[in-house]
Every structure is written in structure tokens, then in C-alpha cells.
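Undergrad: Throughout, the numbering used here is defined as the position within the sequence shown, counted from one, plus 8.
Ideal placement from N, C-alpha and C gives every residue a C-beta, glycine not left out.
A quick note: this is a predicted structure, and the numbers were derived from the prediction, not measured.
This structure is in C-alpha cells; I'll ask about it shortly.
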Amino acid sequence: MSTENLSKADLKGRVVAVAGATGMAGRAAVLRLAQAGATVACGDIDARRLDELMDSVRRAVPGAIVVGQVVDLLDPQAARDWADHIEAELGRVDGLVHLVGGWRGSKTFADTDLADWDFLHDMLVRTLQHTSLGFLEALQRSDDARFAIISAAGAHKPTGGNAAYATAKAAAEAWTLAMADSLKETSAAAAILVVKALVSPEMRAEKPNAKFAGFTETADLAEQIVSLWARPADEVNGTHLWLTPQ
9 MSTENLSKAD LKGRVVAVAG ATGMAGRAAV LRLAQAGATV ACGDIDARRL
59 DELMDSVRRA VPGAIVVGQV VDLLDPQAAR DWADHIEAEL GRVDGLVHLV
109 GGWRGSKTFA DTDLADWDFL HDMLVRTLQH TSLGFLEALQ RSDDARFAII
159 SAAGAHKPTG GNAAYATAKA AAEAWTLAMA DSLKETSAAA AILVVKALVS
209 PEMRAEKPNA KFAGFTETAD LAEQIVSLWA RPADEVNGTH LWLTPQ
């Protein structure tokens with residue numbers, strides 16, 4: 009995507025929800041969305057981290073409107089209630105960024121622990137299903153909504169030790185593409201951003217000599233999330249945006 013398109017992303021008046029807001033990717037996304045002028049509704053299970061995130065973004069972006077709600081996205085009704093609350097309190101929902109994540113893996117395929125699959129299925133698939141279904145009608149009522157997930161290149165080329173994670177990410181992609189198909193006749197769009205892995209400034213500070221080859225900076229990911237509103241919905245819907253070489 010061109011720098012010109014990125015610079016045109018202006019989200020003033022938009023309301024964007026971020027699920028999994030206190031994670032590494034979530035923190036960067038909330039900050040960048042606030043910088044772009046969006047009202048950001050943060051959802052997370054950890055109240056303390058949620059408060060810390062909102063305070064830090066408000067300090068970094070004077071005048072930013074950042075709200076938060078403790079929500080268990082493994083509860084489908086809680087996800088629907090969160091969507092209803094945002095629309096009732098803020099008047100609209102123009103975006104949902106699903107950043108609930110987690111990773112489990114093994115040395116070999118034979119070493120795979122299916123308990124890892126249970127964990128990843130909940131974190132990567134169930135929370136996605138609950139939020140997408142819970143927010144669908146609100147997104148369809150927007151005049152230009154975006155839905156986004158972060159996927160992994162490994163979903164397209166699984167390795168033996170990464171079987172559970174790659175499978176969960178592939179399932180999340182399929183779910184998102186099905187949602188995109190349901191949005192074809194609307195002004196909303198669902199997209200998949202693909203990374204090899206993510207790296208944050210904190211990770212670089214902890215390991216200053218590490219290469220992190222092929223990793224995507226969390227700030228760059230956040231920029232690409234904001235840029236989804238700079239393109240027409242029909243150009244975004246059902247697409248993979250690769251942030252790492254295919």
C-alpha cells in the first residue's frame with residue numbers, strides 16, 4: 009500500500025472497537041487509531057492492563073476519546089452486549105479489529121499436545137466467532153465499516169511443530185472470508201492482515217542484538233490497520249494484505 013494512501017487515513021468521527029486491546033498488537037493499534045482521530049473502544053479481560061492502556065493513550069494523544077470495557081469474549085452474549093453497549097453509548101460502530109491472540113507449539117508434529125489446540129481454538133477462533141457475530145449488525149449499519157484480523161504466514165505453509173497454531177489461524181482466515189462474503193452487498197469490509205510474527209519496541213530493547221528477520225513492527229501493523237479506511241470497501245473486502253514476503 010502506498011504512503012499516500014496511508015497519509016489519507018482520517019478516522020475523525022469513526023468509532024472503532026479493538027478486541028484484545030492490551031496485547032502487544034492491541035496497544036499499538038489503539039494508539040494509532042486514536043492518533044487518526046477515531047474514538048477507540050477497547051475490550052480486554054484484564055481490567056488493570058486496560059486502565060493502564062487507556063491512561064497511556066490519553067497522555068500520548070491529548071483529546072483522544074478512548075473508552076474500555078472488561079469483557080470475556082469466550083462468552084458469546086458478552087460479546088454481543090459489548091457491541092450493543094458501544095453503539096448505545098457512542099452512537100455507532102465503524103470498525104472492529106480482532107487482536108485476541110496466543111501461541112503454542114512443539115518441537116515436532118509427533119510432540120503436538122492437543123491441549124494446545126484447545127487453547128488456540130478458544131483464543132484464535134472462538135473469540136473471533138463471538139465478536140464477529142456480535143458486532144455484525146452494528147458494522148452493517150455503518151456507512152463505511154472495517155473488520156480486520158491478524159493472521160500468520162504459517163497458516164499458508166504449516167510446519168510440523170506449528171500444527172495447532174497454523175490450523176487455528178487457517179480456521180480464523182476461513183471464518184473471516186465467510187464474513188467478507190456476507191458483506192459483499194454492504195458498505196462494510198472484512199480483511200486479513202498477514203505477518204510472519206510481530207516485534208515491539210519492548211522486544212527489541214530486551215534483545216538488542218536479535219535480528220527479528222521478517223518480523224513486522226507493531227507500529228507498522230497499526231498503520232496498516234488504519235489504512236483500511238483509506239481504500240474503498242470493495243477493494244478491501246475478502247483480501248489478504250501481506251506484511252511479510254509470501
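I need the straight-line Cα distance from Ala153 to Ala196, nearest angstrom please.
TA: Cα to Cα, Ala153 sits roughly 4 angstroms from Ala196.
Undergrad: If you run the structure through DSSP and keep just helix, strand and coil, what is Thr226?
TA: Thr226: helix per DSSP, three-state reduction.
Undergrad: Whose C-alpha, out of Ile200, Ile233, Glu145, is nearest the C-alpha of Trp90?
TA: Among Ile200, Ile233, Glu145, the Cα nearest to that of Trp90 belongs to Glu145.
Undergrad: From this set, His106, Ser150, Asp121, which residue's C-alpha is nearest Leu132's C-alpha?
TA: Measuring from the Cα of Leu132, the nearest candidate turns out to be His106.
Undergrad: Alpha carbon to alpha carbon, how far is Ser208 from Leu58?
TA: When rounded, the distance between both Cα atoms is 18 angstroms.
Undergrad: Name the residue from Gly76, Thr184, Gly45 whose alpha carbon lies nearest to the alpha carbon of Leu201.
TA: With distances taken between Cα atoms, Leu201 lies closest to Thr184.
Undergrad: Compare the Cα-Cα distances from Ala230 to each of Val108, Arg40, Gly21 and report the closest residue.
TA: Answer by Cα proximity: Arg40.
Undergrad: Ignoring anything shorter than 3 residues, give me the beta strand (DSSP E) runs that lie fully in the segment 16-95, in order along the chain.
TA: Runs found: 23-27, 47-52, 74-78.
Undergrad: Helix, strand or coil: how does DSSP classify His164 here?
TA: Correct three-state label for His164: coil.
Undergrad: Tell me whether Ala55 is buried or exposed, calling it buried when 16 or more other Cβ atoms sit within 10 Å of its Cβ.
TA: Exposed is the call here.
Undergrad: Suppose the cutoff is 6 angstroms on Cβ atoms and the five residues either side in sequence are ignored; what does the same chain contact list for Ala46 look like?
TA: Answer for Ala46: Leu19, Arg22, Val24, listed in chain order.
Undergrad: Taking the CB atoms as reference points, tell me whether Ala33 and Thr247 lie closer together than 8 angstroms.
TA: Contact flag unset, no.
Undergrad: What does the Cβ neighbour count give for Phe2, buried or exposed, with the cut at 16 atoms within 10 Å?
TA: Since the first and last residues shown for the chain are 9 and 254, residue 2 lies out of range.
Undergrad: Distance, Cα to Cα, Ala238 vs Arg212?
TA: In a straight line, the C-alpha of Ala238 is about 30 angstroms away from that of Arg212.
Undergrad: Looking at the secondary structure, which residues open and close the beta strand (DSSP E) in which Leu107 lies?
TA: Premise fails: Leu107 is in no beta strand (DSSP E) and is neither H nor E.
Undergrad: For Thr224 and Glu97, what's the separation of their Cα atoms in angstroms?
TA: Rounded to whole angstroms, Thr224 to Glu97 spans 34 angstroms at the Cα level.
Undergrad: Out of Ala156, Val79, Thr135, Ala160, point me to the one whose CA is closest to Ala188's CA.
TA: Per the Cα distances, Ala156.
Undergrad: Starting from Ala198, trace the beta strand (DSSP E) in both directions and tell me its first and last residue.
TA: Start and end: 197-203.
Undergrad: Identify whether Thr252 lies in helix, strand or coil by the three-state DSSP scheme.
TA: The answer is coil: DSSP assigns Thr252 none of H, G, I, E or B.
Undergrad: If you compare alpha carbons, which of Ala161, Gly110, Asn245 is closest to Glu193?
TA: When each option's Cα is compared against that of Glu193, the closest is Asn245.
Undergrad: If you drop the 5 nearest sequence neighbours on each side, which residues of the same chain put their C-beta closer than 8 angstroms to that of His93?
TA: Excluding sequence neighbours, His93 sits near Gln77.
Undergrad: First and last residue of the alpha helix (DSSP H) that includes Met131?
TA: Careful: Met131 lies outside any alpha helix (DSSP H) and carries neither H nor E.
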